[in-house]
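Participant: One structure coming up, written as structure tokens, with questions to follow.
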Amino acid sequence: MLRDRKGMALVLTLLAVSFMVAVTVQLGSSVNWQMQAAANQGNLVQLDAMLLSGLHVAQAALLADQRDNQHDSAFDRWGTFDAEALAALFLGGTLDIQISDVSGLLQINALVLTPEEKKQQEQQNKKNKGGQKQDKEKARRELWQRLLKNTAGLENEEEIASLLDCLSDWIDKDEDERENGAESGYYSGQSPSYAAANRPIMLTDELLLVKGWRGKSEEGNKQKTENNVAVVVEYLTTAGRDGKINLNTAPAPVLLAFHEEMTDELAATLIEFRQDEDNKDKLGQPDWYKQVPGFPGDIVFDQNLITVSSSWFKVTVNAEFKGLRRTGQGLLHRLDNQEQELLWWKAE
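full-length UniProt numbering numbers the first residue of the sequence shown as 1 and each following residue consecutively.
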């Protein structure tokens, strides 16, 4: 009996020791996990600080460039950043900053003039007696027509008119349908139903809500197809409303849209000219394209559509620290008074 009790006591002792060992191991693991989580959280805070620092560096570069000159091109200081200099800012981390000029794209919301802009245009036309009357909305619409034809491969004039009328109806403030357009009466019949925005488009993804603008294939294919309007989205921006495009930074498809006589070869010639550093100073005038050797003299771009200065920039900052990565993106508006507005910023 005594031996049985001693045996039971030994078993209980072993169980107690095993339990304490298990608790100790579990506690140690929990402490290690919490320490690692705290370290990772600290690293994430460091990454966020790096992203904001990158944004401030980008803003400083844009301000310095604005003070240097009144035009923007690929030669400006905001175009490239010294990787070694950025690395020196954060020991153990790397920082990459990219600034893209979205002033070289078509402004979606400029397709429709606001009532105030229409009034200003009428007043200007009254003052310009005997001169050529301005019709900015018509000029911008023709620009869009050429972009849709050249880039999306659309040939049907009625289809193009419908796309532009529907987009214009989505942007303008009223519920009056254009000849080939669509307002809330059409969208209320969709499933699920919704209403026309009747305001400026905020994000390019919003185009998918507009009648006729759902041309993206299931595979996200960006090859030119008969009805694939999605290929033009990369040449559009929701930033700005003055309708002017920077000739120094516009991509080839946008250059093609400036005039009906433009060709791929001529667009390539313009790009080659503006990339030559010997022509750097010539890019300060909106009509520099007339100085390009071999460029046809009868091709004249509408001066209301072109500029050589930029106001809108997309900033992308990539930060890496101790194996963790984080990316921040934002849209900056650089004002004429040398102030800047951050329209939006997101980190992921």
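C-beta: ideal position from N, C-alpha, C; glycine also.
Just so we're clear, the structure is a prediction, and the values are computed from it rather than from any experiment.
Okay, do the stretch 266 to 278 and the stretch 328 to 346 touch, 3+ Cβ pairs below 8 Å being the bar?
Facilitator: no
Participant: Let me see if you follow: with CB-CB separation under 8 Å, is Gln-145 close to chain D or not?
Facilitator: Going by chain labels, chain D is absent from the structure shown, which holds only one protein chain.
Participant: Assign Ile-201 to one of three DSSP states: helix, strand, or coil.
Facilitator: coil
Participant: According to the neighbour-count rule (16 or more other Cβ atoms, all chains shown, within 10 Å of its Cβ), is Gln-132 buried or exposed?
Facilitator: exposed
Participant: With DSSP collapsed to three states, give me the class of Gly-297.
Facilitator: If DSSP states are grouped into helix, strand and coil, Gly-297 belongs with coil.
Participant: Thinking C-alpha only, which one of Asp-65, Ala-87, Asn-318 is nearest Arg-77?
Facilitator: Asp-65
Participant: Could you give the residue range of the beta strand (DSSP E) that holds Arg-325?
Facilitator: First-last of the beta strand (DSSP E) with Arg-325: 324 to 334.
Participant: Taking the alpha helix (DSSP H) that Gly-93 falls in, what are its first and last residues?
Facilitator: Following the DSSP letters along the chain, one finds Gly-93 in no alpha helix (DSSP H) but inside the beta strand (DSSP E) bounded by residues 93 to 101.
Participant: So what does DSSP say about Thr-237, is it helix, strand or coil?
Facilitator: strand
Participant: State the CB to CB distance for the pair Tyr-187 and Ala-195, rounded to an integer number of angstroms; the pair is presumed to be in contact (CB under 8 Å).
Facilitator: 6 Å
Participant: Using 8 Å as the cut-off, can you tell me whether the stretch 86 to 102 makes contact with the stretch 302 to 319, which would need three or more C-beta pairs spanning the two stretches below that distance?
Facilitator: With the rule of 3 Cβ pairs closer than 8 Å, the stretch 86 to 102 counts as touching the stretch 302 to 319.
Participant: Distance, Cα to Cα, Ser-310 vs Asn-69?
Facilitator: Rounded to the nearest angstrom, the two C-alpha atoms are 11 Å apart.
Participant: Please report the Cβ distance between Phe-258 and Phe-313, rounded to the nearest whole angstrom; I am assuming they are in contact, meaning their Cβ atoms lie under 8 Å.
Facilitator: Phe-258 to Phe-313, Cβ: 22 Å. No contact.
Participant: Relative to the C-alpha of Leu-247, which candidate in Trp-213, Asn-304, Pro-192, Val-229 has its C-alpha closest?
Facilitator: Asn-304
Participant: Do you know offhand how far Asn-150's Cα is from Asn-109's?
Facilitator: Straight-line Cα distance between these residues: approximately 21 Å.
Participant: Taking the alpha-carbon of Pro-253 as reference, which of Ser-100, Asp-264, Ile-245 has the nearest alpha-carbon?
Facilitator: Asp-264
Participant: Can you tell me whether Trp-344 is buried or exposed? The criterion is at least 16 other CB atoms within 10 Å of its CB, across all chains shown.
Facilitator: The C-beta of Trp-344 has fewer than 16 other C-beta atoms within 10 Å across all chains shown, which makes the residue exposed.
Participant: Taking its Cβ as the centre, do 16 or more other Cβ atoms sit within 10 Å of Glu-234, making it buried, or is it exposed?
Facilitator: exposed
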